[in-house]
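Q: Quick one: this structure, given as structure tokens, is what I'll be asking you about.
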Amino acid sequence: MDVTRERAWETLTRYTKSESLLRHALAVEASTRFYARTWGEDEERWAAVALLHDFDYEVHPTLDKHPQDGAAFLREEGWPEDVIESVLSHAEHLALPRDTQLKKTLFACDELSGFVHACGLVRPSGLDGLEPKSVRKKLKQPSFAAGVHRDEVYQGAELLELDLDEHIANVVAALQPIAKELGLRTAADI
Ligand SMILES: [Fe+2]
Ligand SMILES: [Fe+2]
6 MDVTRERAWE
16 TLTRYTKSES
26 LLRHALAVEA
36 STRFYARTWG
46 EDEERWAAVA
56 LLHDFDYEVH
66 PTLDKHPQDG
76 AAFLREEGWP
86 EDVIESVLSH
96 AEHLALPRDT
106 QLKKTLFACD
116 ELSGFVHACG
126 LVRPSGLDGL
136 EPKSVRKKLK
146 QPSFAAGVHR
156 DEVYQGAELL
166 ELDLDEHIAN
176 VVAALQPIAK
186 ELGLRTAADI
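Using this note's numbering, read the sequence shown as starting at 6 and increasing by one per residue.
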């Protein structure tokens with residue numbers, strides 16, 4: 006089958022109805038795409054993997070099932086094994102090797118996209134003017150976006166061999182164009 010963003014969106018929305026999960030998928034897609042574009046990688050495939058990474062979370066909200074039990078659904082739908090393997094690799098508890106740049110990038114963008122999104126939601130101007138420094142400060146406040154695993158954010162930047170500030174700035178830049186879809190205000194709304 007052709008691996009396209011459109012097909013991934015179809016699969017995702019067949020299993021996922023929650024707005025916040027769909028927004029998470031869009032945020033991770035935008036960040037992953039940003040890096041695919043920067044490095045001249047296969048943007049369509051990377052976007053598809055990013056959209057699919059939590060596709061079964063609504064059906065399998067616990068780690069004894071997510072994402073490993075979702076793999077069977079993806080296989081049934083004809084998704085190629087490398088896509089499935091990449092999707093599975095984001096899960097820390099499966100301890101699969103992150104041996105491709107796509108797997109590394111997906112992992113590095115997953116938690117940080119959620120965190121940057123959360124930072125944008127509490128600011129009147131959303132992501133506009135959001136500096137890496139203030140994101141880093143919020144990372145040190147355990148009560149803010151408490152569900153985001155800080156260690157995975159730091160580990161992700163290391164995996165990409167990027168300075169954390171640079172990685173944060175990239176994710177902010179990646180999410181800005183889809184601020185509306187993410188339910189974020191912009192400087193123009195103030
Ligand atoms: Fe996940
Ligand atoms: Fe995720």
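Note that beta-carbon positions come from the ideal geometry of N, C-alpha and C, so glycine has one too.
Computed from a predicted model, the values in this text were never measured in an experiment.
Is there at least one non-hydrogen atom of ligand 2 closer than 7 Å to the beta-carbon of D59?
A: Reading the sequence shown from its first residue, position 54 is the one you call residue 59. Yes, the Cβ of D59 comes within 7 Å of a heavy atom of ligand 2.
Q: With a threshold of 7 Å on Cβ separation, who are the neighbours of L31 within its own chain once the five nearest residues in sequence on each side are excluded?
A: Against the sequence shown, residue 31 aligns to sequence position 26. Only I183, E186 and L187 meet the Cβ criterion.
Q: Taking H95 as the reference, give the member of Q181, E81, L107 and E86 with the closest Cα.
A: Taking the sequence shown and counting its residues from 1, the one referred to as residue 95 is at position 90. If we check each option's Cα against that of H95, L107 comes out closest.
Q: Quick one: measure Cβ to Cβ for D133 and A192, integer angstroms, because I've assumed they're closer than 8 Å.
A: As a position in the sequence shown, residue 133 is number 128, starting the count at 1. As a position in the sequence shown, residue 192 is number 187, starting the count at 1. With 8 Å as the limit, D133 and A192 qualify as a contact, their Cβ atoms being about 4 Å apart.
Q: Is there a C-beta anywhere in chain D that falls below 8 Å from the one on Q160?
A: Reference to chain D is not applicable here, since this structure consists of a single protein chain.
Q: Kindly list the residues whose CB is nearer than 6 Å to the CB of W44, restricted to its own chain and excluding five residues on each side of it in sequence; keep chain order.
A: By one-based count along the sequence shown, residue 44 stands at place 39. Closer than 6 Å at Cβ, skipping near neighbours: no residue.
Q: Cα separation between L56 and I195?
A: Walking along the sequence shown from the start, residue 56 turns up at place 51. Walking along the sequence shown from the start, residue 195 turns up at place 190. Computed Cα separation, rounded: 31 Å.
Q: Report the rounded CA-to-CA distance for K143 versus M6, giving the unit in angstroms.
A: In the sequence shown, counting from the first residue as 1, residue 143 sits at position 138. In the sequence shown, counting from the first residue as 1, residue 6 sits at position 1. Approximately 42 Å, taken between the alpha carbons.
Q: Which term fits A13, buried or exposed, when burial requires 16 or more other beta carbons within 10 angstroms of its beta carbon?
A: Here residue 13 corresponds to residue number 8 of the sequence shown, with the count starting at 1. Flag for A13 reads buried.
Q: So the candidates are G131, V8 and A123; which of them puts its Cα closest to the Cα of L79?
A: Here residue 79 refers to the residue found at position 74 of the sequence shown. Of G131, V8 and A123, the residue nearest in Cα terms is V8.
Q: My guess is that H172 and A113 are in contact by the Cβ rule of under 8 Å, so how many angstroms apart are they, rounded?
A: As a first step, residue 172 must be located in the sequence shown, where it is residue number 167. As a first step, residue 113 must be located in the sequence shown, where it is residue number 108. That pair is a contact at about 7 Å.
Q: Which residue wins for smallest C-alpha separation from V54, given the options L101, A35 and S23?
A: Translated into positions along the sequence shown, residue 54 becomes position 49. Taking only the C-alpha atoms, the option nearest V54 is A35.
Q: Is A156 close to ligand 2? I mean its beta-carbon at under 7 Å from any heavy atom of the ligand.
A: Position 151 of the sequence shown, counted from the first residue, corresponds to residue 156. With the sequence shown as reference, residue 156 is identified as Asp, and Ala is not the correct amino acid for it. No; taking the cut-off as 7 Å, the Cβ of D156 has no heavy atom of ligand 2 nearer than that.
Q: Over what stretch of residues does the alpha helix (DSSP H) that includes F39 continue unbroken?
A: By 1-based counting over the sequence shown, the position of residue 39 is 34. First-last of the alpha helix (DSSP H) with F39: E24 to W44.
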